[in-house]
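When we follow numbering that gives the first Met the number 0, the leftmost residue of the sequence shown carries the number 0, and every step to the right adds one.
Using N, Cα and C, we set each Cβ at its ideal position, and we do this for glycine too.
None of these values were measured; they are calculated from a predicted model.
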Amino acid sequence: MTPPKNEMCATWIATVKNVDMKLGMNGAQYTAWVQKTLDKLKANKFNAVIYQVKPTNDALYPSKLAPWSSYITGGKQRKSPSYDPLLIMINEAHKRGMKLHAWVNPYRVTMPGKTLASLAPSNVVRTNPGWVVKYGKQYYLNPGLPEVRNFLLATVKELVAKYDIDAVHMDDYFYPYKIKNETFPDQAAFKKYGSTFKKIADWRRDNVNQLVKKVYSSIKTTKPHVQFGISPFGVWRNQWILLAAVRELV
0 MTPPKNEMCA
10 TWIATVKNVD
20 MKLGMNGAQY
30 TAWVQKTLDK
40 LKANKFNAVI
50 YQVKPTNDAL
60 YPSKLAPWSS
70 YITGGKQRKS
80 PSYDPLLIMI
90 NEAHKRGMKL
100 HAWVNPYRVT
110 MPGKTLASLA
120 PSNVVRTNPG
130 WVVKYGKQYY
140 LNPGLPEVRN
150 FLLATVKELV
160 AKYDIDAVHM
170 DDYFYPYKIK
180 NETFPDQAAF
190 KKYGSTFKKI
200 ADWRRDNVNQ
210 LVKKVYSSIK
220 TTKPHVQFGI
230 SPFGVWRNQW
240 ILLAAVRELV
(Lines of atoms letter the chains of each structure in order from A and count residues from 1; the text may use other names and numbers.)
(Lines give C-alpha, C1' and ligand atoms only; values in the text may rest on other atoms or scores of the structure.)
Protein backbone atom coordinates (compact mmCIF):
# COMPACT_ATOMS: atom_id res chain seq x y z
CA MET A 1 0.00 0.00 0.00
CA THR A 2 1.36 3.41 -0.98
CA PRO A 3 1.65 5.70 2.06
CA PRO A 4 -0.27 8.97 1.82
CA LYS A 5 1.66 12.04 0.78
CA ASN A 6 2.03 14.84 3.28
CA GLU A 7 1.17 18.29 2.04
CA MET A 8 3.46 21.07 3.19
CA CYS A 9 1.53 24.16 4.26
CA ALA A 10 4.19 26.63 5.31
CA THR A 11 4.52 30.30 6.11
CA TRP A 12 7.54 32.58 6.24
CA ILE A 13 8.43 34.51 9.40
CA ALA A 14 10.74 37.33 8.35
CA THR A 15 13.05 39.01 10.83
CA VAL A 16 14.96 41.36 8.49
CA LYS A 17 13.91 44.98 9.10
CA ASN A 18 11.61 43.48 11.78
CA VAL A 19 8.96 42.67 9.22
CA ASP A 20 7.25 40.08 11.45
CA MET A 21 9.07 40.43 14.76
CA LYS A 22 9.23 43.37 17.14
CA LEU A 23 12.47 44.89 18.37
CA GLY A 24 13.81 44.51 21.87
CA MET A 25 11.64 41.74 23.32
CA ASN A 26 12.87 40.06 26.47
CA GLY A 27 12.76 36.28 26.78
CA ALA A 28 9.23 36.14 28.20
CA GLN A 29 7.85 38.56 25.62
CA TYR A 30 9.53 36.72 22.78
CA THR A 31 8.26 33.34 23.96
CA ALA A 32 4.72 34.71 24.28
CA TRP A 33 4.94 36.12 20.75
CA VAL A 34 6.16 32.80 19.37
CA GLN A 35 3.40 30.86 21.13
CA LYS A 36 0.69 33.23 19.95
CA THR A 37 2.02 33.21 16.39
CA LEU A 38 2.32 29.45 16.17
CA ASP A 39 -1.08 28.86 17.81
CA LYS A 40 -2.69 31.02 15.14
CA LEU A 41 -0.82 29.25 12.35
CA LYS A 42 -1.70 25.83 13.75
CA ALA A 43 -5.37 26.81 13.96
CA ASN A 44 -5.21 27.77 10.29
CA LYS A 45 -3.81 24.36 9.32
CA PHE A 46 -0.18 25.35 8.74
CA ASN A 47 2.28 22.56 9.48
CA ALA A 48 5.65 24.24 8.85
CA VAL A 49 7.39 27.52 9.56
CA ILE A 50 10.27 29.03 7.56
CA TYR A 51 12.00 31.21 10.14
CA GLN A 52 14.64 33.73 9.07
CA VAL A 53 17.67 33.17 11.30
CA LYS A 54 20.49 34.71 9.21
CA PRO A 55 19.13 37.81 7.47
CA THR A 56 22.38 39.79 7.00
CA ASN A 57 25.44 37.67 7.79
CA ASP A 58 24.35 37.63 11.43
CA ALA A 59 22.44 35.16 13.60
CA LEU A 60 19.31 34.86 15.72
CA TYR A 61 21.07 32.22 17.81
CA PRO A 62 24.44 32.08 19.61
CA SER A 63 27.03 31.44 16.90
CA LYS A 64 30.80 31.19 16.84
CA LEU A 65 30.82 32.41 13.24
CA ALA A 66 28.36 35.30 13.16
CA PRO A 67 27.39 38.12 15.54
CA TRP A 68 23.98 38.46 17.11
CA SER A 69 21.50 40.12 14.79
CA SER A 70 20.45 43.67 15.63
CA TYR A 71 16.94 42.67 14.54
CA ILE A 72 16.41 40.69 17.73
CA THR A 73 17.57 43.28 20.28
CA GLY A 74 17.20 46.56 18.44
CA GLY A 75 20.72 47.42 19.50
CA LYS A 76 24.02 46.87 17.77
CA GLN A 77 25.20 43.62 16.28
CA ARG A 78 26.79 41.26 18.85
CA LYS A 79 24.50 42.41 21.69
CA SER A 80 23.03 39.24 23.14
CA PRO A 81 19.30 39.13 23.96
CA SER A 82 20.13 36.70 26.81
CA TYR A 83 17.98 33.93 25.33
CA ASP A 84 18.08 31.74 22.22
CA PRO A 85 15.36 32.84 19.74
CA LEU A 86 15.88 29.93 17.37
CA LEU A 87 15.79 27.29 20.10
CA ILE A 88 12.54 28.70 21.47
CA MET A 89 10.99 28.74 18.00
CA ILE A 90 12.06 25.15 17.33
CA ASN A 91 10.74 23.84 20.64
CA GLU A 92 7.40 25.61 20.36
CA ALA A 93 6.95 24.52 16.73
CA HIS A 94 7.68 20.90 17.53
CA LYS A 95 5.32 20.96 20.52
CA ARG A 96 2.57 21.77 18.01
CA GLY A 97 3.64 19.11 15.54
CA MET A 98 4.99 21.73 13.15
CA LYS A 99 8.28 21.59 11.26
CA LEU A 100 10.86 24.34 11.53
CA HIS A 101 12.93 25.39 8.53
CA ALA A 102 15.86 27.68 9.31
CA TRP A 103 15.92 30.38 6.62
CA VAL A 104 19.31 31.84 5.69
CA ASN A 105 20.39 34.61 3.32
CA PRO A 106 23.96 33.69 2.38
CA TYR A 107 25.59 36.70 0.70
CA ARG A 108 23.82 39.76 2.04
CA VAL A 109 25.91 41.70 4.56
CA THR A 110 23.89 44.90 4.97
CA MET A 111 20.58 46.38 3.97
CA PRO A 112 20.62 49.53 1.76
CA GLY A 113 22.33 52.55 3.27
CA LYS A 114 24.09 50.69 6.09
CA THR A 115 27.85 50.99 6.46
CA LEU A 116 30.40 48.35 7.39
CA ALA A 117 31.24 50.45 10.43
CA SER A 118 27.76 49.68 11.77
CA LEU A 119 28.61 45.98 11.96
CA ALA A 120 30.14 44.18 14.91
CA PRO A 121 33.97 44.22 14.98
CA SER A 122 33.84 40.41 14.98
CA ASN A 123 31.78 40.28 11.80
CA VAL A 124 33.73 38.30 9.22
CA VAL A 125 33.63 41.18 6.73
CA ARG A 126 35.34 43.42 9.27
CA THR A 127 38.08 40.87 9.92
CA ASN A 128 38.32 39.92 6.22
CA PRO A 129 37.57 43.12 4.27
CA GLY A 130 38.69 41.51 1.02
CA TRP A 131 35.68 39.18 1.16
CA VAL A 132 33.11 41.93 0.76
CA VAL A 133 31.99 44.02 -2.21
CA LYS A 134 29.65 46.98 -2.48
CA TYR A 135 26.98 46.88 -5.17
CA GLY A 136 24.39 49.61 -5.30
CA LYS A 137 23.69 50.70 -1.75
CA GLN A 138 24.45 47.34 -0.15
CA TYR A 139 27.40 45.18 0.82
CA TYR A 140 27.66 41.50 -0.11
CA LEU A 141 30.02 38.61 0.45
CA ASN A 142 31.75 37.80 -2.83
CA PRO A 143 30.53 34.35 -4.01
CA GLY A 144 33.53 34.07 -6.35
CA LEU A 145 35.99 33.59 -3.50
CA PRO A 146 36.55 29.99 -2.34
CA GLU A 147 37.17 31.21 1.20
CA VAL A 148 33.74 32.89 1.24
CA ARG A 149 32.03 29.71 0.07
CA ASN A 150 33.91 27.71 2.72
CA PHE A 151 32.79 30.19 5.37
CA LEU A 152 29.16 29.88 4.27
CA LEU A 153 29.44 26.09 4.38
CA ALA A 154 30.75 26.34 7.93
CA THR A 155 27.81 28.51 9.02
CA VAL A 156 25.31 25.99 7.67
CA LYS A 157 27.15 23.07 9.26
CA GLU A 158 27.17 24.86 12.62
CA LEU A 159 23.43 25.50 12.35
CA VAL A 160 22.55 21.91 11.42
CA ALA A 161 24.86 20.32 13.98
CA LYS A 162 23.68 22.50 16.84
CA TYR A 163 19.91 22.58 16.36
CA ASP A 164 17.07 20.12 15.85
CA ILE A 165 15.84 21.86 12.72
CA ASP A 166 13.89 20.01 10.06
CA ALA A 167 15.37 21.86 7.10
CA VAL A 168 17.69 24.61 5.98
CA HIS A 169 16.04 27.03 3.60
CA MET A 170 18.33 29.15 1.43
CA ASP A 171 17.00 32.40 0.00
CA ASP A 172 18.86 34.85 -2.27
CA TYR A 173 21.21 32.05 -3.28
CA PHE A 174 21.91 33.92 -6.54
CA TYR A 175 23.97 37.03 -7.26
CA PRO A 176 22.17 40.34 -6.56
CA TYR A 177 19.64 41.57 -9.11
CA LYS A 178 21.27 43.67 -11.83
CA ILE A 179 21.43 47.41 -11.27
CA LYS A 180 21.34 49.58 -14.37
CA ASN A 181 24.70 51.10 -15.28
CA GLU A 182 26.50 49.28 -12.45
CA THR A 183 28.82 46.28 -12.61
CA PHE A 184 29.13 43.77 -9.80
CA PRO A 185 32.76 44.33 -8.70
CA ASP A 186 34.18 40.83 -8.91
CA GLN A 187 36.51 41.19 -11.88
CA ALA A 188 39.64 40.60 -9.77
CA ALA A 189 38.20 37.35 -8.42
CA PHE A 190 37.24 36.28 -11.94
CA LYS A 191 40.78 36.92 -13.15
CA LYS A 192 42.18 34.84 -10.29
CA TYR A 193 39.70 31.96 -10.18
CA GLY A 194 37.77 31.97 -13.44
CA SER A 195 40.47 31.09 -15.97
CA THR A 196 38.54 28.05 -17.24
CA PHE A 197 35.51 30.17 -18.18
CA LYS A 198 35.22 32.42 -21.21
CA LYS A 199 32.33 34.44 -19.79
CA ILE A 200 32.09 35.90 -16.31
CA ALA A 201 28.37 35.07 -16.21
CA ASP A 202 29.11 31.35 -16.63
CA TRP A 203 31.71 31.54 -13.86
CA ARG A 204 29.23 33.24 -11.55
CA ARG A 205 26.64 30.55 -12.19
CA ASP A 206 29.24 27.90 -11.44
CA ASN A 207 30.09 29.60 -8.13
CA VAL A 208 26.44 29.37 -7.12
CA ASN A 209 26.19 25.77 -8.31
CA GLN A 210 29.25 24.81 -6.29
CA LEU A 211 27.89 26.39 -3.14
CA VAL A 212 24.45 24.81 -3.46
CA LYS A 213 25.91 21.37 -4.14
CA LYS A 214 28.33 21.56 -1.21
CA VAL A 215 25.69 22.91 1.19
CA TYR A 216 23.44 19.97 0.31
CA SER A 217 26.28 17.49 0.83
CA SER A 218 27.29 19.09 4.13
CA ILE A 219 23.75 18.95 5.48
CA LYS A 220 23.29 15.31 4.53
CA THR A 221 26.67 14.36 5.96
CA THR A 222 25.91 16.11 9.24
CA LYS A 223 22.26 15.01 9.65
CA PRO A 224 20.82 12.96 6.76
CA HIS A 225 17.20 13.59 7.78
CA VAL A 226 17.50 17.37 7.51
CA GLN A 227 16.10 18.67 4.24
CA PHE A 228 17.53 21.44 2.08
CA GLY A 229 15.09 23.91 0.58
CA ILE A 230 15.84 26.72 -1.82
CA SER A 231 13.85 29.61 -3.31
CA PRO A 232 14.25 29.66 -7.06
CA PHE A 233 12.35 32.10 -9.20
CA GLY A 234 11.13 32.23 -12.78
CA VAL A 235 11.14 35.30 -14.98
CA TRP A 236 8.35 35.57 -17.53
CA ARG A 237 9.54 37.67 -20.47
CA ASN A 238 11.81 39.58 -18.08
CA GLN A 239 8.76 41.29 -16.64
CA TRP A 240 7.21 39.17 -13.92
CA ILE A 241 9.05 37.38 -11.16
CA LEU A 242 7.11 34.33 -10.10
CA LEU A 243 7.84 32.74 -6.76
CA ALA A 244 8.31 29.00 -7.09
CA ALA A 245 7.40 26.32 -4.59
CA VAL A 246 9.97 25.33 -2.02
CA ARG A 247 11.46 22.01 -3.02
CA GLU A 248 14.02 19.69 -1.54
CA LEU A 249 17.02 19.26 -3.80
CA VAL A 250 17.57 15.68 -4.92
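Between V124 and V108, the gap from beta carbon to beta carbon is short of 7 Å. Ranked by Cα distance from K63, the first of S69, K44, S121 and Q186 is S121.
Out of A47, D19, G23 and Y29, the CA that lies nearest to the CA of N5 is found in A47. A contact is defined here as three or more CB-CB pairs under 8 Å, and the stretch 130 to 145 fails this definition with respect to the stretch 77 to 86.
Nearest Cα to M7 within the set I89, K16, Y70 and K44: K44.
DSSP, read as helix, strand or coil, puts Q76 in coil. Spanning the alpha carbons of K212 and R148 requires a straight line of approximately 11 Å. Taking 8 Å as the upper bound for CB-CB distance, L37 and A92 are in contact here, some 6 Å apart.
With contacts defined as CB atoms closer than 7 Å, P54 and T10 fail to qualify as a contacting pair.
Comparing C-alpha distances from H100 to each of A166, F183, Q209 and Q28 shows the shortest one belongs to A166. Ranking Y70, A27, K41 and A65 by CA distance to the CA of K21 puts Y70 first.
When secondary structure is reduced to three states using DSSP, R107 falls in the strand class. In the three-state reduction of the DSSP assignment, Y162 falls in the coil class, being assigned neither a helical nor a strand state.
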